[in-house]
Ligand code: NAD
């Protein structure tokens, strides 16, 4: 397979918050990668906007350092680096004021794609969206890109959506969830809807349960204050895990079109059953000898914020009634792993001797590390001496399977190029975000109304004991976090 790079249309990308962490660490290095492979057209421009007093030369010097740190292989190519830096400009604008907006509007070219990437606090979205419109920097075809958090409950999400719609229509708004930019996540759609093999099995008749795990080995180091206001439910479950659940559970859309795909995802969220108190476990990690625990890192000895959530979720529709989805995410766990495990039911009648420790057929879709898909099958254990069964994995690690094609596109890069191409399939629609909050809010409100502390778990473990019991009591078990 030979890699095909399809150049994006010509564009002017205005990056608000260009001096910030996300822009310097992810967005600009990502654009540099796309430039290096020839996907960013030579005439395309990136206009950094921030409050810092500096000119384009100063901004390019800062960017050069970031590229050396976050895109080191290609930054070594001096000629390439200089060509990329030449496409980058800088404009100082305090978005709360009136200065600079006219310059920005004048600076943009007609007849090329205009994208406004808001890598700034969500509290600035409204003011930026309305000023882009009132200063006529945006057109009816311009795009606006925003990062999570998309609110912290349904009410604030609605307000944020209303802010963005001051000057932009839904078809112009791109809400980034970088999980959706991952190759494996998109492959889940290809696997389900481009093969006749799986879809007949993809339902409660054949699937016993689904486990979705996003485990992190790091704690909240350095982000404690921010995280403490959020917690695992808001930071991970309402968005990333919910997206993975939707893609696993949704009905086949009638076509591969942004609204057809997103309509199906919304239907899944709307079919989620309320989660009862016995079906959810919150945890908080503790350190050893009072060192490195959540309380210490969050800076609040009384914090009741959860750094771990595990839950059983039912989907009330014909496809999934009776097949639970178990979600689990947490910090300071034994390892770093993100995966979806689809566990199939046993054959209705077993003709072979009982196999010890049989786990059964499963499809494991790994997002990290080593993106890939594994199919667990039962076979005859090779060799003479009776007929014994064994389990083996059919492994499709993408780095191996698609070696020649390997273009290790970071999720961000892919999503930014989708913005330029005008493809919203992998971005969350406003109603999707609101539906996810409408489901998450009652759970969070119940926690906030109770005085209960989250269950402590040891840093470096698999999470609280009760989370293991969530499956054990139903004769199931979590996959090991490696
Ligand atoms: P940051 O604080 O490092 O950078 C903020 C940027 O906004 C700076 O460039 C600053 O100059 C600019 N800015 C602030 N006020 C301004 C004003 N009045 N006018 C013009 N520019 C102004 O923040 P960050 O970590 O880069 O995060 C940016 C956004 O992305 C936040 O909403 C954050 O929640 C979100 N996000 C960040 C990460 C991450 O890894 N950093 C991950 C996911 C989402």
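In my numbering, the protein residues as written are 676 to 1157. Glycine residues also receive a C-beta, built at the ideal position from the N, C-alpha and C atoms. These numbers were taken from a predicted model, which means no experiment stands behind them.
Could you say which of 1111, 1013 and 1106 lies nearest to residue 857 if we only look at CA atoms? 1013
What's the gap between the Cα of residue 1001 and the Cα of residue 1140? Residue 1001 and residue 1140: Cα-Cα distance of roughly 15 Å.
Within this structure, are the beta carbons of residue 1064 and residue 1049 separated by less than 8 Å? Between residue 1064 and residue 1049, the C-beta spacing is not below 8 Å.
Within 10 Å of its beta-carbon, does residue 935 have 16 or more other beta-carbons around it, so buried, or fewer, so exposed? exposed
Measuring only the C-alpha atoms, how far is residue 950 from residue 1121? 11 Å
Using only CA atoms, which one of 823, 714, 1152 and 1155 lies nearest to residue 853? 823
DSSP three-state assignment for residue 1053, whether helix, strand or coil: strand
Measuring CA to CA, which of 1135, 1101 and 1137 is closest to residue 863? 1101
Chain-ordered list of residues that sit, by beta carbon, closer than 7 Å to a heavy atom of the ligand NAD: 691, 692, 693, 694, 695, 696, 697, 698, 700, 701, 724, 725, 726, 727, 768, 769, 770, 771, 794, 795, 796, 797, 799, 822, 823 and 824
Neighbour-count burial assignment, residue 914, 16 or more Cβ in a 10 Å radius: buried
To the nearest angstrom, how far is the alpha carbon of residue 812 from that of residue 1090? 23 Å
Nearest to residue 1029 by CA position, among 769, 1053, 1038 and 1040, is which residue? 1053
If you draw a straight line from the C-alpha of residue 972 to the C-alpha of residue 1133, how long is it? 14 Å
Determine the burial state of residue 704: buried for a count of at least 16 other Cβ atoms within 10 Å of its Cβ, exposed for fewer. The C-beta of residue 704 has 16 or more other C-beta atoms within 10 Å across all chains shown, which makes the residue buried.
Three-state secondary structure (DSSP) at residue 985? strand
Boundaries of the beta strand (DSSP E) in which residue 1069 is found, first to last residue: It spans 1064–1072 - the beta strand (DSSP E) in which residue 1069 sits, taken as one unbroken run.
Quick one: give me the first and last residue of the beta strand (DSSP E) that residue 959 is part of. Looking at the DSSP string, the run of the beta strand (DSSP E) that includes residue 959 is 955–961.
What would DSSP say about residue 691, mapped onto helix, strand or coil? Three-state DSSP puts residue 691 in a strand.
Of the residues 774, 720, 742 and 798, the one placed nearest residue 826, counting alpha carbons only: 798
Okay, do the region 784–798 and the region 684–693 touch, 3+ Cβ pairs below 8 Å being the bar? yes
Reference residue 785, options 831, 962, 816 and 891, closest by Cα: 816
Please classify residue 1003: does DSSP put it in a helix, a strand, or coil? strand
In three-state DSSP terms, what is residue 1148? coil
With 16 as the cutoff for other CB atoms within 10 Å, does residue 776 come out buried or exposed? buried
Does the Cβ-Cβ distance between residue 983 and residue 1138 come in under 8 Å? yes
Quick check: the Cα distance between residue 687 and residue 1155, rounded to an integer number of angstroms? Rounded to the nearest angstrom, the two C-alpha atoms are 46 Å apart.
Inter-residue spacing [alpha-carbon to alpha-carbon] between residue 683 and residue 743: 25 Å
Check whether the Cβ atoms of residue 1158 and residue 958 lie closer than 8 Å to each other. Within the shown structure, residues of the chain are numbered from 676 to 1157, placing residue 1158 beyond reach of any answer.
Quick one: what's got a C-beta closer than 6 Å to residue 961's C-beta in the same chain, skipping five residues either side? 968 and 1131
Entirely within the region 737–772 and at least 4 residues each: give me those alpha helix (DSSP H) ranges in chain order. 747–750 and 753–761
Whose C-beta lies closer than 6 Å to the C-beta of residue 902 among residues of the same chain, with five residues either side of it excluded? 895
CB of residue 866 within 8 Å of CB of residue 842, strictly: no
Measure the C-alpha to C-alpha separation of residue 676 and residue 1071 and round it to an integer number of angstroms. Only weak support is given to the placement of residue 676: the predicted model assigns it a pLDDT of 46, under 50, and the question is left unresolved by the model.
Which whole-angstrom value is the C-beta distance of residue 760 and residue 735, which I expect to be below 8 Å? 5 Å
Whole-angstrom C-beta distance between residue 911 and residue 1119, which should lie under 8 Å: So it is not a contact: roughly 13 Å between Cβ atoms.
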